[in-house]
Amino acid sequence: MTPPARAPGPDLFDRLITGARPDWSAYVDHAFVRGMGDGTLPQDCFRHYLVQDYLFLIHFARAYALAIYKGRDLREMRASLGGLKAILDVEMDLHVGLCAGWGLPAAELEQAAEAKATMAYTRYVLETGLRGDLLDLHVALSPCVIGYAEIGRRLAASPGALDEANPYRAWIAEYAGEPYQEVARSARDNLDRLAADGMTEARFPRLLTIFRQACRLEADFWEMGMTLAA
Numbered sequence: 001m002t003p004p005a006r007a008p009g010p011d012l013f014d015r016l017i018t019g020a021r022p023d024w025s026a027y028v029d030h031a032f033v034r035g036m037g038d039g040t041l042p043q044d045c046f047r048h049y050l051v052q053d054y055l056f057l058i059h060f061a062r063a064y065a066l067a068i069y070k071g072r073d074l075r076e077m078r079a080s081l082g083g084l085k086a087i088l089d090v091e092m093d094l095h096v097g098l099c100a101g102w103g104l105p106a107a108e109l110e111q112a113a114e115a116k117a118t119m120a121y122t123r124y125v126l127e128t129g130l131r132g133d134l135l136d137l138h139v140a141l142s143p144c145v146i147g148y149a150e151i152g153r154r155l156a157a158s159p160g161a162l163d164e165a166n167p168y169r170a171w172i173a174e175y176a177g178e179p180y181q182e183v184a185r186s187a188r189d190n191l192d193r194l195a196a197d198g199m200t201e202a203r204f205p206r207l208l209t210i211f212r213q214a215c216r217l218e219a220d221f222w223e224m225g226m227t228l229a230a
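The structure is reproduced here in structure tokens:
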């Protein structure tokens, strides 16, 4: 079924970006991101990031499982199930394949210790979902789920980003590709459905606080990769 057309004007995600512009920009335009785009990111930094991102995805799958539990009806439960399946059935497999290409076998990924930035971000999202409702949880998830699509699309449009010489072209192509772009579009539509049913203007500042913190934790995650932090 084709989703209903989005109403004119900014959607909730656009409003959140506008309200969190400095934090959003620090995340999507981080030096780690720019280094992937032009191929100058040190490869050890990318390998460190890949290992931690694998652990990160495991916890985000748990967050989507929590979202299923938080669903008030079957429609909301199925929407969250789509996100869970996208991680477990698509993104995890793609990530393991990408890691293998960088000499990181699945067994090594499983045994890796979580970095502080990984623990801080994933636990923040889970705690937000536990103490809040479904809209709180999906706002906390949105900088990652939708933000990676924004980053992938932007990098893919930059000169040379998808050239054979760029070692990060596969990562860029994955998140710029239509399958992941559709995941992000579905996440945006789901945010708007939840907001239409559960958001007042008085609540928006609280959602913005959640979004800003998640953006800061995303930037910290890139920084962890840049500095090889444990």
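Oh and the sequence shown: position 167 is 167 in full-length UniProt numbering, straight run, nothing missing. Note that the Cβ used here is the ideal one computed from N, Cα and C, for glycine as well. Predicted model, so just to flag it, every value in this text is computed and none were measured.
{"Item": "Contact between the region 178 to 189 and the region 69 to 77 is defined here as three or more beta-carbon pairs at a separation below 8 Å; is this criterion met?", "Value": "no"}
{"Item": "For residue 61, decide whether its Cβ has a neighbour in chain D, counting only Cβ atoms nearer than 8 Å.", "Value": "Checking the listed chains, one finds no chain D in this structure; it contains a single protein chain."}
{"Item": "Looking only at its chain, what residues have a beta carbon closer than 6 Å to the beta carbon of residue 26, apart from the 5 residues adjacent to it on each side?", "Value": "219"}
{"Item": "If we count the other Cβ atoms within 10 Å of its Cβ and call it buried at 16 or more, is residue 142 buried or exposed?", "Value": "buried"}
{"Item": "What does the alpha-carbon distance come out to for the pair residue 195 and residue 18?", "Value": "17 Å"}
{"Item": "Does DSSP put residue 190 in a helix, in a strand, or in coil?", "Value": "helix"}
{"Item": "I want to check one thing, is the minimum distance from the CB of residue 219 to the heavy atoms of the ligand PLP below 7 Å?", "Value": "The ligand PLP is not part of the structure shown, which contains no ligands of any sort."}
{"Item": "Can you tell me the Cα-Cα spacing of residue 128 and residue 222, whole angstroms?", "Value": "21 Å"}
{"Item": "Quick one: measure Cβ to Cβ for residue 64 and residue 87, integer angstroms, because I've assumed they're closer than 8 Å.", "Value": "6 Å"}
{"Item": "With a threshold of 8 Å, are at least 3 pairs of Cβ atoms found where one atom belongs to the region 152 to 159 and the other to the region 102 to 110?", "Value": "no"}
{"Item": "What does a CB cutoff of less than 6 Å around residue 145 pick up in its chain, not counting 5 residues either side in sequence?", "Value": "187"}
{"Item": "Using DSSP with H/G/I as helix, E/B as strand and the rest coil, what is residue 148?", "Value": "helix"}
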